[in-house]
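When we follow our numbering, the leftmost residue of the sequence shown carries the number 604, and every step to the right adds one. Reviewing the structure listed below.
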Amino acid sequence: MADADTTEAKNYATSVPMQNVPFFLKGSNNLDWGMKNRLSQIFDPTSGRTVMLAFDHGYFLGPTSGLERIDLNIVPLIEYADTLMLTRGILRTTIPPTYTRGIVLRASGGPSILKELSDEEIAVSIDEAVRLNVAAMAVQVFIGGEHETRSVHNMTRLVDMGNRHGIATLAVTAVGKEMVRDAQYMRLATRMCAELGATYVKTYYVDEDFDTVTASCPVPIVIAGGKKLPEPEALQLAYNAVQQGAAGVDMGRNIFQSEAPAAMIQAVRAVVHENLSPTDAYDLYLALKESDKQSVEN
Ligand code: 5RP
Numbered sequence: 604m605a606d607a608d609t610t611e612a613k614n615y616a617t618s619v620p621m622q623n624v625p626f627f628l629k630g631s632n633n634l635d636w637g638m639k640n641r642l643s644q645i646f647d648p649t650s651g652r653t654v655m656l657a658f659d660h661g662y663f664l665g666p667t668s669g670l671e672r673i674d675l676n677i678v679p680l681i682e683y684a685d686t687l688m689l690t691r692g693i694l695r696t697t698i699p700p701t702y703t704r705g706i707v708l709r710a711s712g713g714p715s716i717l718k719e720l721s722d723e724e725i726a727v728s729i730d731e732a733v734r735l736n737v738a739a740m741a742v743q744v745f746i747g748g749e750h751e752t753r754s755v756h757n758m759t760r761l762v763d764m765g766n767r768h769g770i771a772t773l774a775v776t777a778v779g780k781e782m783v784r785d786a787q788y789m790r791l792a793t794r795m796c797a798e799l800g801a802t803y804v805k806t807y808y809v810d811e812d813f814d815t816v817t818a819s820c821p822v823p824i825v826i827a828g829g830k831k832l833p834e835p836e837a838l839q840l841a842y843n844a845v846q847q848g849a850a851g852v853d854m855g856r857n858i859f860q861s862e863a864p865a866a867m868i869q870a871v872r873a874v875v876h877e878n879l880s881p882t883d884a885y886d887l888y889l890a891l892k893e894s895d896k897q898s899v900e901n
């Protein structure tokens, strides 16, 4: 039997109401503790934003440029990311299990780049997601695509499975070649995903009225980086998105296909978390690139 505690308990602070601190993420206050904890492994609770490093492209593209050797090209970058978006194959084979930030697991797949991309199915079981200790599962949603309804059902099934275990669902709004990439389309796609249960949504930035996309979506939005742009343009894109209400970026090619990926991800972080202007962020990129070059030469 434990020793009896003879110290009288008296520090009840009866005049101090217990604090009820709202959760920092948009639309997420009514989620359970486990889900909020996982979201805090994806989004930085101080800035409320995230820099997701996306390198799941191989699930339909194979070893695309910059992702030929994830061990050599991507692992050195993971320390700068808030979270990683990847497939279970790469997670198991290549990412050190000592990594402690959130994992966003690619959870849909099927067709390769050679086929109709919207023909996806759920590609992971919830047991596997739990076993891998992931924070979120990511699923493509093809609004307006050939397999629109199936892709929406993929998402809603993942939401149901994820909610049972406190694992978030990231709906990735995939825009087919035939779709117009404008705010009207993005409002439709992101709002549908949120209404049908996505914990957060990834979409593309659009030049006009992107703030109406973030305003009308009741859960956080992160933007995809998209095709490789010159670094100043990619930094401007990230800046515009967060200034207009995005909760961060999910960036792949604009980081790992950059001439200096480590410098680039750090510059993106400064834009996302510190609101650094695109011009200052580009200066930071150049300075980091130069110092990395010198340390390799020495
Ligand atoms: C594939 C994805 C990728 O993760 C996404 O496209 C992010 O990478 P990038 O910034 O290179 O576009 O969701 O469908």
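For glycine and all other residues, C-beta sits at the position ideal for the given N, C-alpha and C.
Check                                                                                                  : Outcome
Same chain only: Cβ atoms within 6 Å of LYS629, ignoring 5 sequence neighbours per side                : PRO823
The beta strand (DSSP E) enclosing LEU708, as first and last residue numbers                           : 705-709
Per DSSP, the bridge partner or partners of LYS805                                                     : VAL775 and VAL825
Helix, strand or coil at GLY692 [DSSP, three-state]                                                    : helix
Between the CA atoms of ALA849 and ASP814 - distance to the nearest angstrom                           : 8 Å
Local Cβ density within 10 Å of GLY980, reported as buried at 16 or more and exposed below that        : The structure shown does not extend to residue 980, since the chain is modelled only from 604 through 901, so no value can be given for it.
Spatially closest choice to VAL566 from ASP810, GLY692 and ALA786, by CA coordinates                   : Given that the chain is displayed from residue 604 to residue 901, the structure contains no residue 566 and the question cannot be resolved.
Contact check, VAL762 vs VAL755, beta carbons under 8 Å                                                : no
Delimiting residues of the alpha helix (DSSP H) encompassing VAL874                                    : 864-877
ILE681 (DSSP reduced to helix, strand or coil)                                                         : helix
CA-to-CA distance, ARG709 to ILE729, given in whole angstroms                                          : 12 Å
The segment 648-655 in contact with the segment 633-640 per 3-pair CB rule at 8 Å                      : no
C-alpha gap between LYS805 and PHE626, whole angstroms                                                 : 20 Å
VAL871 and VAL654 closer than 8 Å at C-beta                                                            : yes
Per DSSP, the bridge partner or partners of MET655                                                     : THR686 and ASP853
Closer than 7 Å: ALA890 CB and nearest the ligand 5RP heavy atom                                       : no
Alpha carbon of GLU724 to alpha carbon of GLY713, nearest angstrom                                     : 6 Å
Limits of the alpha helix (DSSP H) - the one that GLN743 falls within                                  : Taken as a continuous stretch (DSSP letters only), GLN743 belongs to no alpha helix (DSSP H), being part of the beta strand (DSSP E) at 739-744.
Nearest to PRO699 (by Cα), restricted to the options ALA616, THR690, ILE716 and ASP674                 : ASP674
Cβ pair ASP659, THR690 closer than 8 Å                                                                 : yes
Distance, GLY829 Cα to ASP853 Cα                                                                       : 9 Å
DSSP state of GLY712 mapped onto helix, strand, coil                                                   : strand
Distance cut-off 7 Å: ASP810 Cβ against heavy atoms of the ligand 5RP                                  : no
Cβ neighbours of VAL775 in the same chain (closer than 7 Å, five flanking residues each side left out) : ALA741, VAL742, GLN743, VAL744 and LYS805
For ILE698: DSSP bridge partner residues                                                               : Per DSSP, none; premise fails for ILE698.
C-beta atoms of PRO821 and ALA797 nearer than 8 Å                                                      : yes
Helix, strand or coil at GLU724 [DSSP, three-state]                                                    : strand
Heavy atom of the ligand 5RP within 7 Å of ARG856 beta-carbon                                          : yes
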